[in-house]
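Numbering (this note's numbering), first residue to last: 101 to 373.
Positions of the beta carbon are idealized from the N, C-alpha and C atoms, including for glycine.
No experiment lies behind these values; they were computed from the predicted model shown.
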Amino acid sequence: MQNLSRAAHRSGRTITLVPTMGYLHEGHASLLREGRRRGDLLVLSIFVNPTQFGVGEDFEAYPRDLVRDRAVAESASVDVIFAPPAGEMYPASYQTYVDVERLTLPLCGANRPGHFRGVTTVVSKLFNIVQPDVALFGAKDYQQLAVIRRMVADLNMPVEVVGMPIVREDDGLALSSRNAYLSPEQRQAALCLSRSLRTAKGLYRAGERDVATLRDRVTAIIAAEPSTVADYIEFRNGDSLEEVGVADDRTLLALAVKIGTTRLIDNCLLGEE
Ligand code: AMP
101 MQNLSRAAHR SGRTITLVPT MGYLHEGHAS LLREGRRRGD LLVLSIFVNP TQFGVGEDFE
161 AYPRDLVRDR AVAESASVDV IFAPPAGEMY PASYQTYVDV ERLTLPLCGA NRPGHFRGVT
221 TVVSKLFNIV QPDVALFGAK DYQQLAVIRR MVADLNMPVE VVGMPIVRED DGLALSSRNA
281 YLSPEQRQAA LCLSRSLRTA KGLYRAGERD VATLRDRVTA IIAAEPSTVA DYIEFRNGDS
341 LEEVGVADDR TLLALAVKIG TTRLIDNCLL GEE
């Protein structure tokens, strides 16, 4: 992969990378389409990264289907699929990690210790291997995008990070490979995430700025679904990820909710359309 990237750069071609864990859906496809537009060589990485899964999480169960992914990649005009075996990415001698400090403390960082250390480590490795000029990430994983932007700036990585909007089903459910875990009833219950985001945005648009009031409404919508347990419901500054008490356009509402054993995340900025 590195040789191929070097040759592309030598011949004056730019490289775009879309890092994924596979089991591709329309959210990934939107990143690939934008990636196709922004560079000459479009690289899709597919790697279910063991270091970003905690003990007892779904690393083994995570859905995988390379045959189907290959078809999606082909229809998105991907040039290269980079899907390394875990043993090559992390041989037994492996002992180096990249850690972003403050931004990784709240939200998913608090719920999933070590998760972002795994993410920033694998993304650093992918950047060194693929040597992209541009890398695309979805706002579905809002904190991840913020953490990667921080890492790239702090470590002077020569990569332009592009954030892409969340792709949703017609009924509002944010696309996720983990939606495959949901039964039809759970799939219905999972709509409480996007519904509560819409409600909060509506209240904000109508003039509500008190975070405690907004949080109560969101909490009630999620609690009304019997099979759900909220990991967190948080209102934070969309840039610093610090907690806020009074909402503004850049206030991030971030949710992590368990539907049965499936943990789903979703988010919005209150000021966005
Ligand atoms: P994953 O395979 O879940 O690690 O996701 C790979 C990339 O696709 C990440 O940058 C995600 O943020 C992005 N992504 C996943 N789901 C969506 C979605 N529904 N809309 C936009 N981007 C997404």
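Between which two residues does the beta strand (DSSP E) holding residue i run?
i: residue 235; result: 234-238
i: residue 425; result: Outside the displayed span of the chain (101 to 373) sits residue 425, for which this structure offers no information.
i: residue 119; result: 115-120
Looking at the secondary structure, which residues open and close the alpha helix (DSSP H) in which residue i lies?
i: residue 101; result: That residue, residue 101, is in no alpha helix (DSSP H); it is neither H nor E in DSSP.
i: residue 203; result: That residue, residue 203, is in no alpha helix (DSSP H); it is neither H nor E in DSSP.
i: residue 273; result: Looking at the DSSP string, residue 273 is not in any alpha helix (DSSP H), and its letter there is neither H nor E.
i: residue 284; result: 284-289
If you run the structure through DSSP and keep just helix, strand and coil, what is residue i?
i: residue 332; result: strand
i: residue 188; result: helix
i: residue 343; result: strand
i: residue 362; result: strand
i: residue 400; result: Summary: the structure shown does not reach residue 400, with the chain confined to residues 101 through 373, and so no result is reported for it.
i: residue 268; result: strand
i: residue 356; result: strand
i: residue 299; result: helix
i: residue 294; result: helix
i: residue 141; result: strand
i: residue 132; result: helix
Can you give me the C-alpha to C-alpha distance between residue i and residue j, rounded to a whole angstrom?
i: residue 182; j: residue 147; result: 8 Å
i: residue 239; j: residue 371; result: 15 Å
i: residue 133; j: residue 188; result: 29 Å
i: residue 362; j: residue 285; result: 13 Å
i: residue 278; j: residue 196; result: 29 Å
i: residue 308; j: residue 314; result: 8 Å
i: residue 354; j: residue 303; result: 16 Å
i: residue 332; j: residue 201; result: 20 Å
i: residue 366; j: residue 310; result: 21 Å
i: residue 346; j: residue 356; result: 21 Å
i: residue 140; j: residue 131; result: 15 Å
i: residue 114; j: residue 318; result: 44 Å
i: residue 272; j: residue 221; result: 32 Å
i: residue 242; j: residue 266; result: 9 Å
i: residue 232; j: residue 122; result: 19 Å
i: residue 190; j: residue 326; result: 41 Å
i: residue 281; j: residue 162; result: 9 Å
i: residue 211; j: residue 110; result: 44 Å
i: residue 296; j: residue 112; result: 47 Å
Only counting the same chain, and skipping five residues up and downstream in sequence, which positions put a Cβ closer than 6 Å to that of residue i?
i: residue 142; result: 116, 135, 136, 178 and 179
i: residue 145; result: 119, 182 and 226
i: residue 216; result: 204, 209 and 247
i: residue 335; result: 311, 344, 351 and 353
Excluding the 5 residues flanking residue i on each side, which residues of the same chain have their C-beta closer than 8 Å to its C-beta?
i: residue 269; result: 275
i: residue 283; result: 360
i: residue 298; result: 272
i: residue 287; result: 273 and 279
i: residue 207; result: 243, 332, 334, 336, 341, 354 and 356
Examine the ligand COA and report whether any of its heavy atoms sits within less than 7 Å of the Cβ of residue i.
i: residue 282; result: By its list of ligands, the structure shown excludes the ligand COA, since it contains just the ligand AMP.
Near residue i, what residues of its chain come up, given a Cβ to Cβ distance below 7 Å and the 5 sequence neighbours on each side ignored?
i: residue 101; result: 182, 229 and 230
- request: With a floor of 4 residues, list each alpha helix (DSSP H) that falls wholly inside the region 149-182, ordered by position along the chain.
  value: 166-175
- request: Only counting runs of 3 or more residues, tell me where the beta strand (DSSP E) segments fall wholly within the region 218-262, in order along the chain.
  value: 234-238
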